[in-house]
Each structure stands twice: as structure tokens, then as C-alpha cells.
Amino acid sequence: MISSRPATENDSVVGVMPKVVCLPDTVDDAASRIAESERTGESLAFIGGGTDLEIGSPPDRLDVVIRTERLDRVIEHAPSDQIITVEAGMTLTRLQSVAGAHGQRLALDPPLADRATIGGIIAANAFGPLRTRYGSVRDLIIGISIIRADGVIARGGGKVVKNVAGFDLPKLMVGSLGTLGMIATATFRLHPLPEASETLLIKNQSASDLRNLMAEMKRMQLEAAALAAITVGPRFDVAVRFEGFRTGVVDQRERLRSLIAVCELLDPVGEQRFWRRHDEIRAAGPMRLKIAALPSAIELVMRDVVPPLRGLLAAGGFIWYPKLGLGFLTGATTADQEIAAAIRKARETLALTIEAAPLGVRKLANSWGEPGAALPLMHAMKQRFDPTRRLSPGRFVGGI
Amino acid sequence: MSTAPLETRASTVPSEVADRLRSIVGERNCIVESSQLRTYESDGLTSFHAMPGIVVLPASTEEVAQIVRVAREASLPIVPRGAGTGLSGGALPVPGCVLVGMSRMRSILEIDLENGWMRVQPGVINLDVSKRIGAEGYYYAPDPSSQSVCTIGGNVAENSGGAHCLKYGFTVNHVLGARIVLSDGEVVDLGGPVADAPGYDLLGVLVGSEGTLGIVTEVVLRILRKPQATRTFLATFPSTEEAGNAVSAIIAGGIVPAAIEMMDRLAIVAAKAATGVDWPDVGAVLLMDVDGPLAEVEHTSAAAIEMACAAGALEIRRPKDEDERALLWKGRRSAFAAVGRISPNYVVQDGVIPRSKIAEVLGDIETLSRESGLRIANVFHAGDGNLHPLVLYDAKVPGQEKLAEDVAGEILRVCLRFGGSITGEHGVGADKTAFMAEMFNESDLETMNRIRCAFDPQNRFNPGKVFPTPRLCGDRPGIYRPHSAELSGQADRV
Chain A
1 MISSRPATEN
11 DSVVGVMPKV
21 VCLPDTVDDA
31 ASRIAESERT
41 GESLAFIGGG
51 TDLEIGSPPD
61 RLDVVIRTER
71 LDRVIEHAPS
81 DQIITVEAGM
91 TLTRLQSVAG
101 AHGQRLALDP
111 PLADRATIGG
121 IIAANAFGPL
131 RTRYGSVRDL
141 IIGISIIRAD
151 GVIARGGGKV
161 VKNVAGFDLP
171 KLMVGSLGTL
181 GMIATATFRL
191 HPLPEASETL
201 LIKNQSASDL
211 RNLMAEMKRM
221 QLEAAALAAI
231 TVGPRFDVAV
241 RFEGFRTGVV
251 DQRERLRSLI
261 AVCELLDPVG
271 EQRFWRRHDE
281 IRAAGPMRLK
291 IAALPSAIEL
301 VMRDVVPPLR
311 GLLAAGGFIW
321 YPKLGLGFLT
331 GATTADQEIA
341 AAIRKARETL
351 ALTIEAAPLG
361 VRKLANSWGE
371 PGAALPLMHA
381 MKQRFDPTRR
391 LSPGRFVGGI
Chain B
1001 MSTAPLETRA
1011 STVPSEVADR
1021 LRSIVGERNC
1031 IVESSQLRTY
1041 ESDGLTSFHA
1051 MPGIVVLPAS
1061 TEEVAQIVRV
1071 AREASLPIVP
1081 RGAGTGLSGG
1091 ALPVPGCVLV
1101 GMSRMRSILE
1111 IDLENGWMRV
1121 QPGVINLDVS
1131 KRIGAEGYYY
1141 APDPSSQSVC
1151 TIGGNVAENS
1161 GGAHCLKYGF
1171 TVNHVLGARI
1181 VLSDGEVVDL
1191 GGPVADAPGY
1201 DLLGVLVGSE
1211 GTLGIVTEVV
1221 LRILRKPQAT
1231 RTFLATFPST
1241 EEAGNAVSAI
1251 IAGGIVPAAI
1261 EMMDRLAIVA
1271 AKAATGVDWP
1281 DVGAVLLMDV
1291 DGPLAEVEHT
1301 SAAAIEMACA
1311 AGALEIRRPK
1321 DEDERALLWK
1331 GRRSAFAAVG
1341 RISPNYVVQD
1351 GVIPRSKIAE
1361 VLGDIETLSR
1371 ESGLRIANVF
1381 HAGDGNLHPL
1391 VLYDAKVPGQ
1401 EKLAEDVAGE
1411 ILRVCLRFGG
1421 SITGEHGVGA
1431 DKTAFMAEMF
1441 NESDLETMNR
1451 IRCAFDPQNR
1461 FNPGKVFPTP
1471 RLCGDRPGIY
1481 RPHSAELSGQ
1491 ADRV
């Protein structure tokens, strides 16, 4: 018997509350509940740690939420092969402690790792500053099992890092927000924990300073593990983190210092403080906007896009990942009309998605922006995986 | 997989269809003569061959789209082809198909060094990408051994790897966007230079789909700044066991080598015969690259050498200049071809195992060799457990070719038994469709087929590849209704 309980506000998906919440103890239990929903016609959503439940548009209907928190087992950890397979409800922090006991880590560092689950991180394509060097979920996931809308369990990929057999089901699930199936288990490539890590802080940089810094670092063949720029007013504090063997870290740090005099090497406390501040800004709300542009567009972004939006947001901040060309604007607002207008205006310049917003803003501005020419293909994919539109219908791009 | 008879014959494509295709690409870019069609009857997997109905060589996305529309109206299968270097029969024609060769689409369209990307046509040779930007200090990371001849379009189809994918990843990690022609002739852009386009990661699905989802007509590649330093060394060992232990120790030591390659005694003999490298007669060699910032590289290469010695290395060789380094890598890169020096024929296998199982798996392969009486040379990407056993045989000896294929197949079963994969980089193609059903169960395959049906519901692109049995796409997925082709007796549901 699968335990269930009445839903509360905390079980809402983009503001829509389900009727009932199920907490399966095993993947098979989850599969049988999903198969049942196929017969009853109930609509479903899946929740892990609930850290990214505001991404997307409100679903058109939602009967049952399946929470994965009890699916939190390690299925296989092969330290010598540097791979780990876990159930979707395991938190990232827990996975890191399992891997860390063997000097390894999953090179993913989205905010709220103590709550965020593996399944949720995959479904939301969550990432942090380490993406600079290691890529995102799609670059680290090597295998997956999913429960389809009809309750059938299917696997893709495998448990070896190199594998081109069959279509890449793991990548299809990355960022799919539970609209194609429930992620049941996932296998990742792990990396060795670095021997040393240092963060250097370069304060008070303009957008063009930042662009020059990136060009100079490239010229000098410096390889940062993580890069993040946080706005302080119209300028940036730029953090550069080097990781690896100590000799290499020290050498890279000294070369960066030779390049830029105002570079401050943070002590461990300062380093922790900086990255915590980064995480707090990333997770701040209730408004969170993600913007994407070419890295070279940062001057334009800082001139035309960020100021009008920042001006309407209290607290929070703006974080830009200079190598990725991705940024997050967070904060609180009461000016729904104005911010919706500013979002529409920003979309004339770059891609902007609303990752969290008060309902008032949602009503005035589409969460996703203009869907591209691939939308019919995405609809076709949805149709093949969820023909009766029961998995968070309407939450995804273009009403999928 | 059936092979077509080799008698001389003209195109099997109806003449009005041939005329329409000719009007799209021009007379000289349309091949119908059987003697010329024969050039296209196989790819790098030469034991499989079939005659295309017609070969067309388009010069633009628009021409590809028109070709697809004509082929679709004529209900002809479409098989895309790059340089034809693939080793799994991915570009093997379906008998009578419209084969779309991308060899004329070989322009580099746009380069953006600051943002780290480049837009190219699919017929561009892999190595030419790096050559074009090498002088400025940039390169394209995926480096399949055939990189001097294989094309980017083929790399995208196969999700090609190479020696350096241990650290840098595969083609899929370096493709940012693609323009594709879909089965209805529509043109769609997936991804692009700007990260995280909203929606499903259809680009991630496209890469490695072996020409079954669409025809790629433009590709946006990630380009990287060259690392500050690279250190290479060759270590010799009494046997593959010590070499395998060295690999495990290096990886366990927290080092991520750019590449770490192993060759066994027979492969060394072949490489020496073919390239003149002066490697000693030993049981195994490891060839390793570490790259990155200089100080880091000095540290890791010294540490790796120390670990190799502790694991029982007989000798360490460090190239003194770039020429010597290139020669070491030439010995490795030419290994497949080199085996031709010591055997009239051979089967190239491609399987993957968990890295820590190398010694056990090599033991099983040796048993297969002993039992079959066929020699097996082993060349592989040891860092990621990607084996390339080469099963040697003589086609003139009756039954030996079949025996070699059976032994190669058994090696895949060994890989699966250890939790590995039937292909690490060569693809499933036409060669390994039967093994897909041994690696995946029916639900897995049926789920993958849904992906295919979303892209190509009529199964027009490269039919017969990847999947073990022909599969149709119901018009209403999830609810079974006989397909019109079944009702008319043209197809069976297996």
C-alpha cells in the first residue's frame, strides 16, 4: 500500500495545489501508482525537494503529486569506475557525502543542495558555478530509468562513461520538468575531489572590465573551475575559483595576480562567505529570472536589460556566469505591471525565462517567452510520451 | 542484414523521381550509374554492402529539404552519408534508397572565438576545424582516429569520441546547435551558440542518432582554447595486467588524463610493422597525455609516471619534441590499419566495460581467442574502458570469417556481462542491431522508438539501423491500431 495524504500549499506546482500526495517507498510502487493514474485519468506531477517548483507555467490540471523523498537509496557506487547510481529522491548533499567518502564528487553545485534531489536537479536542469568547467547535468549523466505516463519502467544509457548504444534518453529527460515521465534512478560520472581550491575576488569591475578579464584569462590559458560575477550597483564583484593539485592552483592564482593587481585571495572563511552569498542571491525570491545571451553581450545586458529589471526588484541581486552567458536576476517586487513590461522589453534583446514569480506577474508575462521553430517537434515528443496529457500539462514550453 | 547482389544494373529509382532529384542538385551531382553507385555501397564496415537507388549530392539546406520532400512523395527511404568512415554500417545504403551525400557541403560559415563557437556545414573534415583556428590558439576537442578524413556531420550522427574524450567528452558535449531537415522537409534549428534554449534537449537526442532522426545541414561547434601544456609518455609493461593496474592507480590518484591508451603485444607488433615505431617487444604499452596549465601538468605527469613504475612499468619514454610525440600517437592512431600487416582480414570490435574490470575482461577475451584459434589484438581507450579488440582471420579459409564475427559478438556479450555497453563510439548502425535487444529490454527499446516516431513517424530516415526489429509508429501512440502498411501487407509488426 502506498502511503498518501491530503495536499498542502507546500505541494503546489507553479501555484497549483493537487488533491492528494503519494509517497512511494519503492520505484515499483511509484510505477504501479502511475499505471493506476493511466486508468483513472488523473493528472500527475513529481516533486523531489521542491526547490524548483516555480519553473514553468501553472499546469492546466493537477490531481496527484508523487513525492520522491523515500526513493533515496544508493543503488550502486563503484569508486574505482567513478560512477554512481542513485534513486531520484536522494538529495545532492547526501550523494556528495557518499561520493566524498571515496574522495569523489558529482561536479554539480546548484543552490540548496541539502534539499534539492537528484531527480529534481535533472528535471530542472539545475546548475551552479562549477558548470564553468564541468558542464551541466547533460554532460555528467550517463544513465537513467524513468517511469512513463503508462507506468512502464524504461532505461536509457548505462553505467559506463562511454556509450553510444541507442537514443540518449538521459539527455531527453534533462530539463523536461516531469512532462515526459518520472525520473526513477540516474547514473552519473563522478570526478575526483580536488586537492586544493582557492577563490580570488576582483571587485568593482564594469561590464567591459569583465569582458577584458575573460579575454586575458583565455589568452593566459588560465582554467578556472568556477566563475561568477555578482552585481554591486552597476558594477561586478567577480569570483574566480581554481581547483586541482596544489601546485597547479598556486601557479594559476599567482599568474592571475600578475594580470590584475586588485585581485584578492579569499581566506577559507571569506571564500565560504562569498559562495554562500552567491547561493543566497540565486535562491532569493519570489522573483527569479534567467537570462541567456552570448558572453560577449554582457555590456549590452548591463546597459539595457539589467537596470530596468533591477530597479523594480528589492533585495536579491544579479549573478552572471561570464563563460556560460547565463545569468539570474532575483528579488522581491510589488510592481507586477511594470516588471511584466520590463520582461517583455528585455525579450527584445535576449532570451529570458521566468523561473519564479508572483501569480500577478505570471498572468501578465509568459514564463517561457517565444518558443522556437522546434516547438512542433517538442509537441510531437510530448504526444509520444504522454499521449493523454496527464504529466504536468501546460507547464512546459509552448503549453506542452 | 541482407546484402544486395552485385550485378551491374541501373538505378532502381523511377525515372521521374530521378529527374526531379536531378533538377534539384544538377545532373553531375546525381549518380545513377551502377559502376559509380558502387562507391557508395558500403561505409567503413566493408563486409556489409547494398546498392543505393540513387546518390544525390546537395549543396545547401534548401536542396536537402527538396530532396527529402521528393523522396517522401515517392515513399523512398533516405540514407545520409558523410565520409563513409563509420565502422558500424551506419551509412550502409538501404537497397534502392536515396543516398544523400554531404560531401559538397564543406564550408566553414562563421567563427566566433570570443564566445567559443564555430558554425560549419556537415561535410567539413573534423581535423580541418582545428586547423582553421589553430594559429589563433584554439581547437575542436573530439578527435576520432579517422579525424583527418571523417566529417563533422558523420561525427554528429555517431556521437564520435576519440582518445581525448576521457577528459573532454564526446561530440555531444561539443555540439551547441544544429540545423536539421526533418522527414517532412521542414528545416529546424536546435540549440545554438546561446546556452539553454528553453524546451526539450532535442539536440542531445539528435547527436548519436545515427542518421535516423533528420539530416544535419549545419552544426554549431564548441571550440576551446588550447591548453597551456601537454605532457605525453609511453610506458611499457610485461603484460596487460600491470598496465591495467597502472591505469586504475592513476585514476584513483585523482588524475584525469586527457587520454590514456593501451595496446597489447599483438597490437604493438602490428603498429611496429606498419609505422616503424621502435617500441620494444613487451606485453603491453600505455600511451598517456595530460594537459592543462603547465604547473598542474608537470605535477600530474610526474605523479602518473611514478604510479606506472610502482605498478610494474619496465620503461618510460618521454618524447623530446613535438615530432617524437606525433610519432608515438601515429603508432596508436594507425593501430587498426596496422593489423592489416599481420593478418589478411580482421574484425574491429567496439565495446565498453567498467574500467576496473579490464584485467578480467581481457582474460575472457584471451579464452575466446584460445578456444576459437583466432588471434585477437587489443587496442583500447583504457581510461574509459572502451575496448577495441581486433579479431584476426583469413577470409580464404572457409568458415573463418563467420567464426571471427561470432567471436567478435561473444566479446560484446562479455562486455554486457560486466555491466558495459555494446558500443562506445562506433555506433550500432546495421552491425549491432541484434545486440541492442541483449543490452536493452523491450520497454527500453519501445521507449527509444517513441523518440524516433516523434521525429520521423514514417520511418523514412535510415530505416533498419539501430533497432533490432522493424518498428512502426502508430498514429495514436499508446493505443494499438494496425498501421496502413501492415494492412496493405507491406510491413509486419514483429
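Line order of the protein sequences matches chains A and B. Numbering-wise, the first sequence is residues 1 to 400 according to this note's numbering. Numbering-wise, the second sequence is residues 1001 to 1494 according to this note's numbering. Idealized CB from N, CA, C, for every residue including glycine.
Met1436 of chain B carries a helical assignment under DSSP once its states are collapsed to helix, strand and coil. Interface with chain B (7 Å Cβ-Cβ cutoff): Leu326 of chain A is included. Annotated three-state conformation of Cys22 of chain A is strand, per DSSP. Cβ proximity to chain B below 7 Å picks out Leu324, Gly325 and Leu326 from the region 300-333 of chain A. Boundaries of the beta strand (DSSP E) harbouring Thr1230 of chain B: Ala1229 to Phe1237, taken from the DSSP string.
For Met182 of chain A, none of the residues of chain B pass the 7 Å Cβ criterion, the least Cβ distance being about 13 Å. The beta carbon of Gly49 of chain A does not come within 7 Å of any beta carbon belonging to chain B, so the residue lies off that interface.
Contacts with chain A at 7 Å (Cβ-Cβ) include Gln1228 of chain B. For Gln96 of chain A, the enclosing alpha helix (DSSP H) has its first and last residue at Leu92 to Gly100. Taking a beta-carbon distance threshold of 7 Å, Tyr1200 of chain B counts as an interface residue toward chain A. Chain A places no beta carbon closer than 7 Å to that of Glu1136 of chain B, leaving this residue out of the contacts.
The Cβ-Cβ distance between Thr1447 of chain B and Ala154 of chain A falls below 7 Å. By the neighbour-count criterion, in which a residue is buried when 16 or more other Cβ atoms sit within 10 angstroms of its Cβ, Lys159 of chain A is buried.
For the region 152-234 of chain A, the full-length alpha helix (DSSP H) segments reaching 4 residues or more read 169-173 and 207-219 along the chain. Shown here for Cys1453 of chain B: same chain residues with a beta carbon closer than 6 Å to its own, the five before and five after excluded, namely Cys1473 in chain order. Restricting attention to alpha helix (DSSP H) runs no shorter than 4 residues, the region 97-145 of chain A encloses them at 118-124, 131-134 and 137-140, ordered along the chain.
For a Cβ distance threshold of 7 Å, residue set Thr1447 and Met1448 of chain B lies close to Leu169 of chain A, ordered along the chain. For Ala341 of chain A, the enclosing alpha helix (DSSP H) begins and ends at Asp336 to Ala346. Taking one beta carbon from each stretch, the region 323-338 of chain A and the region 308-315 of chain A have 3 or more pairs nearer than 8 Å; the two touch. Taking each of B:Leu1182, B:Trp1117 and B:Cys1150 in turn and checking the Cα distance to Tyr1138 of chain B, the smallest one comes out for B:Trp1117. Within the region 1464-1476 of chain B, those residues whose Cβ lies closer than 9 Å to any Cβ of chain A are, in chain order, Val1466, Phe1467, Cys1473 and Arg1476. For Phe385 of chain A, the enclosing alpha helix (DSSP H) begins and ends at Leu375 to Phe385. With at least 16 other beta carbons inside 10 angstroms of its own, Leu1328 of chain B counts as buried. Under the DSSP assignment, Leu359 of chain A falls in the alpha helix (DSSP H) whose first and last residues are Leu359 to Leu364. Residue range Trp1117 to Val1120 is occupied by the beta strand (DSSP E) that includes Met1118 of chain B.
Residues of the region 89-115 of chain A that bring their beta carbon within less than 8 Å of a beta carbon in chain B comprise Gly103, in sequence order.
Judged by their CB atoms, Arg1460 of chain B and Ile1078 of chain B are nearer to each other than the 7 Å cut-off.
The count of Cβ pairs closer than 8 Å, one atom from the region 1298-1312 of chain B and one from the region 1222-1241 of chain B, reaches three, so the stretches are in contact.
About 6 Å separates the beta carbon of Thr68 of chain A from that of Phe46 of chain A, a gap short enough to meet the 8 Å contact definition.
For the region 189-210 of chain A, the beta-carbon criterion of a distance under 9 Å to any beta-carbon of chain B is satisfied by His191, Pro192, Leu193, Pro194 and Glu195.
Ranked by Cα distance from Val1391 of chain B, the first of B:Gly1211, B:Glu1016, B:Leu1416 and B:Ala1337 is B:Ala1337. Taking the Cα of Asp1278 of chain B as reference, the smallest distance to any Cα among B:Lys1330, B:Glu1296 and B:Gly1312 is reached at B:Lys1330. In the DSSP assignment, Met1307 of chain B falls within the alpha helix (DSSP H) that extends over Leu1294 to Ala1310. In this structure, Val1207 of chain B lies near Thr1171 of chain B, with their beta-carbon atoms less than 7 Å apart.
In this structure Gly317 of chain A is in contact with Thr231 of chain A, their Cβ atoms being roughly 6 Å apart against a cut-off of 8 Å.
Remark: C-beta atoms of Ser57 of chain A and Ser392 of chain A do not approach each other more closely than 7 Å.
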